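Here the structure comes first, spelled out in structure tokens, and everything after it is commentary.
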Amino acid sequence: MRVPVSLVNAFQNDFEPILADFLIKSQLIDLNDPLENKRYLTRSIAPHVKGFSELFNRKEGTQTDGIDHEDYWSEGNAKNKRLAYLLSFMPPNLFRVASVWAELHRLGFQFPKIEGEFRGLEFGAGVASGACGILAGEKFAPIGLPENGSFALIEQSKAALQMGANWFDHLADRYGMTYKSRSFHRRVELNQPWLPKTAPQFHLMVMSFFLNESPLTPEAIALELLKTAENHLEQEGLMVIVEPALKLQSRKLLLLRKALIEKIKGGNSSLKILLPCLGEQACGALIKEEDWCHEEVDWMRPKYLRELDLLTGLDRRTLPFSYLVIQKTNRSLNELFGNFEGLNEERYRLVSPSKSLSKRTSEFFMCGQDGKRRTRFTNEDKNHPERGDLLQNVKLHGEHSLTQIDSATFKKYE
Ligand SMILES: C[S@@+](CC[C@H](N)C(=O)[O-])C[C@H]1O[C@@H](n2cnc3c(N)ncnc32)[C@H](O)[C@@H]1O
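One point on numbering: in my numbering, the residue at position 194 of the sequence shown is 221, and numbering is uninterrupted.
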């Protein structure tokens, strides 16, 4: 997935002062220049970053395990743990969500016009990385979100929620957007209704690195997720789900997509799964057990995060993730994605990096209505498609194990 330069560059220099200012103003750190203070990062932050990283990567256990730490936010030095999450995991997750927004922007998606006030919601908000990612997405790759509105943040940790609500309000203010957070301290039981019957409908629901913490099967999660969307998304409302790129967790998201499609097709639903596949075709990555599908985006990390990566041995130069975008709509993909007129069944999407075999020939994996194919493409004008690009009007020959494209059209990012 490629994101616009404006978004890539928004974090290199401009983000750090906004974050540092938040830390000082909220009296979270008693230092003048906390993010420039190597001793502080080394002693108070880096050890907790490593601990979180081991937990999220399921160092002890398997990737499919849930994270059954109802209160992992409050064990040990809770204040430094929250700060470590805010400094180290929030910006990358924020950027991942903003990248999904940028993908909608690239495809020409327009956020529907809204009567009254815009209502957004983030489930498992933690420090509000997902909601803040929407703000950043809209600022640097807009799709027409209203200029003001509110974001409900639902989170089981009171302290993380409070930090997240304050951070969201601060970022909205700095981005010149009239958005306010609303905090809801509660645990969502994913096999029961996620929202009370009396909750309103929302125009946007976001989940960022939330579902993988549940030990439930994708099929069990699909049931209530679908009901939540049916009952609490406004008509034309969107649901954005971002999850880890790790093989088993990513496959769980693909299985969730499959279960949702089965339920949508078997019922009377007006939900559509838009992205990443531009449609509801069978998932090519589920055919082989060792396969999975994820995205990767490049960004320019804030300087302090480069330092923190050096201290912890993590590498966040590129950000992998898996994602889904769902919409409650009766409109067709052609109507929704204005930049890809004439989307037809003969479309394919690059789901791997593109390896250059010669000046004119590249090799990659692409996914279409009939699954995933290893593909070679010789293009006379030396213009090569890249990961996430959409190929249309494709003429091809050969097997899934090695396909040759005879001709195709694709649109480069603008
Ligand atoms: C890895 S963090 C992600 C936080 C934030 N969305 C982000 O992207 O950085 C997962 C969050 O979900 C919360 N969470 C997990 N399961 C939950 C549940 N069932 N109900 C409410 N919050 C939950 C956790 O407390 C944690 O704050």
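Yeah, the Cβ is synthetic: ideal placement off N, Cα and C, and Gly gets one too.
Given the structure is predicted, the values throughout are model-derived calculations rather than measurements.
Return helix, strand or coil for residue i, following the three-state DSSP convention.
{"i": "Glu-251", "result": "helix"}
{"i": "Val-32", "result": "helix"}
{"i": "Arg-328", "result": "coil"}
{"i": "Ile-51", "result": "helix"}
{"i": "Gln-308", "result": "coil"}
{"i": "Ser-80", "result": "helix"}
{"i": "Thr-339", "result": "helix"}
{"i": "Ser-71", "result": "helix"}
{"i": "Glu-322", "result": "strand"}
{"i": "Ser-126", "result": "helix"}
{"i": "Leu-346", "result": "strand"}
{"i": "Gly-143", "result": "coil"}
Might you give, ordered along the chain, the residues of its own chain that have their beta carbon closer than 6 Å to the beta carbon of residue i, omitting 5 neighbours on each side?
{"i": "Ala-256", "result": "Met-266 and Leu-298"}
{"i": "Ser-349", "result": "Glu-270, Ala-272, Ser-277, Leu-280 and His-321"}
{"i": "Val-76", "result": "Ala-111, Ser-115 and Thr-339"}
{"i": "Thr-345", "result": "Glu-323 and Asp-325"}
{"i": "Phe-145", "result": "Pro-173, Gly-176 and His-230"}
{"i": "Gly-78", "result": "none"}
{"i": "Leu-113", "result": "Val-154"}
Identify, in the order they occur along the chain, each residue of the same chain with its Cβ nearer than 7 Å to the Cβ of residue i, setting aside the five sequence neighbours on each side.
{"i": "Leu-121", "result": "Ser-156, Cys-159, Gly-160 and Ala-163"}
{"i": "Ala-249", "result": "Leu-283, Ala-286, Leu-287 and Lys-290"}
{"i": "Cys-310", "result": "Leu-281, Arg-284 and Lys-285"}
{"i": "Leu-377", "result": "Phe-391, Met-393, Pro-412, Glu-413, Arg-414, Gly-415 and Asp-416"}
{"i": "Leu-243", "result": "Leu-217 and Asn-218"}
Near residue i, which residues of its chain fall below 8 Å by C-beta distance, leaving aside the five closest residues on each side in sequence?
{"i": "Tyr-67", "result": "Ile-56, Leu-58 and Pro-61"}
{"i": "His-132", "result": "Pro-31, Gly-164, Ala-168, Pro-169 and Ile-170"}
{"i": "His-424", "result": "Thr-430, Gln-431 and Asp-433"}
{"i": "Glu-334", "result": "Lys-65 and Leu-68"}
Where DSSP assigns a beta bridge to residue i, which residues make up the other side?
{"i": "Gln-354", "result": "Leu-265 and Lys-299"}
{"i": "Glu-149", "result": "Leu-180 and Val-233"}
{"i": "Tyr-375", "result": "Leu-418"}
{"i": "Ser-389", "result": "Ser-383 and Phe-404"}
{"i": "Asn-175", "result": "Thr-205"}
{"i": "Gln-431", "result": "Arg-403 and His-424"}
{"i": "Gly-135", "result": "Beta-bridge pairing links Gly-135 to no other residue."}
{"i": "Thr-244", "result": "The partner list for Thr-244 (beta bridge, DSSP) is empty, contrary to what the question assumes."}
{"i": "Phe-437", "result": "Leu-418"}
{"i": "Glu-270", "result": "Ser-349"}
Taking residue i as part of the beta strand (DSSP E), name the residues at either end of that continuous run.
{"i": "His-212", "result": "205 to 212"}
Chain C beta carbons: is any one of them nearer than 9 Å to that of residue i?
{"i": "Asp-318", "result": "The displayed structure is made up of one protein chain only, and chain C is not part of it."}
Quick check on the DSSP output: the alpha helix (DSSP H) that includes residue i runs from which residue to which?
{"i": "Lys-224", "result": "That residue, Lys-224, is in no alpha helix (DSSP H); it is neither H nor E in DSSP."}
{"i": "Ile-161", "result": "156 to 167"}
{"i": "Lys-399", "result": "Lys-399 -> not in any alpha helix (DSSP H); beta strand (DSSP E) instead, spanning 398 to 405."}
{"i": "Ser-115", "result": "105 to 115"}
{"i": "Gln-276", "result": "274 to 293"}
{"i": "Glu-362", "result": "360 to 363"}
Buried or exposed for residue i, going by 16 or more other Cβ atoms inside 10 Å?
{"i": "Thr-430", "result": "buried"}
{"i": "Pro-380", "result": "exposed"}
{"i": "Gln-354", "result": "buried"}
{"i": "Leu-252", "result": "buried"}
{"i": "Pro-227", "result": "exposed"}
{"i": "Ile-314", "result": "exposed"}
{"i": "Lys-207", "result": "exposed"}
{"i": "Ser-359", "result": "exposed"}
{"i": "Pro-223", "result": "exposed"}
{"i": "Gly-151", "result": "buried"}
{"i": "Pro-44", "result": "exposed"}
May I ask whether a heavy atom of ligand 3 can be found less than 8 Å away from the beta carbon of residue i?
{"i": "Ser-241", "result": "Ligands in the displayed structure: ligand 1; ligand 3 is not one of them."}
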